[in-house]
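Here's the structure, in structure tokens; my notes come after.
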Amino acid sequence: MYRSKLVSVLAKRPSVSKSFIRLSTRRLSQKSSKRIESYGFVGTLLFGIGSGLVASDYVLGDSRKQVFPLKSTTPLQSLEPPKYGSEEDLQHCIREITAVIGNDNVKNSDVEIKHHTDNGFNPTKPLPHQKPKWVVYASSTEDVSAIMKIVNKYNIPVVPFSGGTSLEGHTYSTRPGIILNTSKMNKILSVHDKDLDAVLQGGVGWQQLNEYLSSVPEYKNLMLGCDCGPGAHVCGMVNTNASGIGATRYGSMGSNIISITVVLADGTVIKTKKRPRKSSAGYNLTGLFVGSEGTLGIVTEVTVKLQVKPPYETVAVVQFPTLKDSTNTVAALFQKGIQLNAVELLDSSMMKCINYSNLVRKKYDNVPTLFFKIAGLNKTVVNEYVKEVKKVSYDNHCTKFEFAKDEKEAEDLFSTRKNALYLMLDYAYNEIHEDAKMWITDCAVPLSNLAATLEELDAITATYPLSHMTLGHVGDGNIHYDIFYKPDQYEICKQLVSKINEVTLKYEGTCSGEHGIGSGKRAFLQQELGVDAIDLMRKLKLALDPKRLLNPDKVFKIDPLDPSNE
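Just so you know, the sequence shown maps onto residues 21 to 586 in my numbering.
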């Protein structure tokens, strides 16, 4: 009798699912049912939570359908697959977006789709059924917010896109929805030279910013210290915590951000901090979005720190008989507290590639080589640093220590390093195979383990029918172990890349020093951090994006039916 009364009480509540009613009435005793009935619906809810019958903080029902369970983490198998809008929903969505931003900013031509599905450098590419259906261009934070409100209404998956230079498939769709391109959001909003910061729209490129600063007399001694790949935009640099040559001195992108403006999955706009350099005001929301790869929100504005260009700088090229000698030199210099603006390592194969390019004015030996940028207040200070760098280098068996003869040669050397990707591809097309591909890795290990890591990687790679070149920002232990392969060697190369990750983890390293995870390194990330850490990330994802609309399937799996082992 009491059980039937309980069913009657629960059935009158539209928010209570039938599955919960069945579960409750099976588990409750007659005495408990009578007591709960006397307290009404609130009593029912509280009893259910206390008895472990409710799996969600906010929503009743089958626990597999909840996006916010009581656990501190969200295991993949606790979820059902995401439910996205139909083709009809997509068409309605596009019509409403077009009404907001105009026909000229909504595209679906073959050229547009192709541009947003392959930049030529990602091993992981979308399959035909995963390609986006539409590309929409936003011009402001308000545009992005309006677009996301419409997208949220129709449950359409969205991939943020701007510079398109990423290397792990971050900006490629896995669900046939919309690409939201922010590259038109390229305004430098303000520069505060006395505070050493600048406010930028997300689509501003770091090169664009530095060129602008150099062109304005009162700003010409300022720059953004983070200098990753050519063509990168600041929103993408935030999302992958990008680094580059300058990271040794100025840190990765996360160290060069004061605050960001972000549009969330439902169109809500937040700013993570004000403009002071330091703040203890609440959670570090800025840090939450750094490295999130567009899975938590869309970065539309960034307040960046600006660095002062060193008044005097020189470049040294130092060559060694072995990789170990070169890495020991770097470690010894840091232990002495010598501040270097850049420390780049190129192995013998990379030096051979540079010589092959004929883009430098002299030939170097094909041996492991360090490129140093040494800077200071004036020439006298720099010369003292140079003496110490030279001494330490010779103590570690360096075979050649040379300076760039002039500013032009210094610029040539580091320009060559900055454009190494294109030099390597040119070499591969001419000397390996006309259809050669390159798999670019970006592992990082503690500096003291770098030589042993490279030696073991070289020994393993020697057992494969593949060529490779190594270069990297060794000031922070970050190396690019880049492998060339022919189209029919993709699977072999993939096996080798997996081995590289195993060795990196063995030496207390990370699968990604600066490129991020995307869709290509999800399995590596789980190997590195463990299941519980990934489940915590998934919990955060679902808290901010419960419909799983933003950049689906990147960084970690969000769908228990996802067949990919990546």
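Beta carbons: idealized from backbone N, C-alpha and C, even for Gly.
Every value quoted in this text rests on a predicted model; they were computed, and no experiment measured them.
Looking at the backbone, the Cα of D217 and that of I512 are separated by about 47 Å. Inclusion of G256 and S186 in the CB contact set at 8 Å is warranted, their separation being smaller than that value. Below 8 Å, too few C-beta pairs join the segment 363-382 and the segment 399-414 to call them touching: fewer than three.
Remark: C-beta atoms of E321 and G222 approach each other more closely than 8 Å.
8 Å or more divides the Cβ of I460 from the Cβ of H493. Collapsing the DSSP output to three states places T93 in coil.
With contacts defined by Cβ atoms closer than 8 Å, T490 and D385 do not form a contacting pair. The C-alpha of N172 is placed about 30 Å away from the C-alpha of G251. If the five residues before and after I394 are omitted, its C-beta is found closer than 8 Å to the C-beta atoms of E333, T334, V335, A336, L360, N361, V402, Y405, V406, V409, all from its own chain and listed in chain order.
Comparing alpha carbon positions, the residue from S92, Y192, V155, G122 closest to P148 is Y192. Contact check between the segment 542-550 and the segment 524-532: three or more CB pairs, one atom from each, fall below 8 Å, which counts as touching.
The Cβ-Cβ distance between L516 and I537 does not fall below 8 Å.
Ranking K526, N521, L560, L562 by CA distance to the CA of R542 puts N521 first. The C-beta distance from K561 to T288 rounds to 16 Å, too long to fall under 8 Å, and the pair is not in contact.
Under the three-state reduction of DSSP output, M205 falls in the coil class, being neither helix nor strand. In the three-state DSSP reduction, A267 falls in the helix class (H, G or I). CA-to-CA, the gap between K344 and F434 works out to about 23 Å.
Each residue's CA atom was taken as its position, placing N439 and L229 some 19 Å apart. Look at K240 here: in three-state DSSP terms it is coil, with no helix or strand label. Residue state for G307 is assigned as helix, using DSSP reduced to three classes. In the assembly as shown, K574 is a buried residue. Its beta-carbon has 16 or more other beta-carbons within 10 Å. Non-local beta-carbon contacts of K291 in its own chain, meaning distances under 7 Å to residues more than five positions away in sequence, involve S279, T281 in chain order. For L564, no beta strand (DSSP E) run applies; the uninterrupted alpha helix (DSSP H) run containing it begins and ends at 551-564, by DSSP. Counted as a single uninterrupted DSSP element, the stretch harbouring I452 is not any alpha helix (DSSP H), since DSSP gives it neither H nor E.
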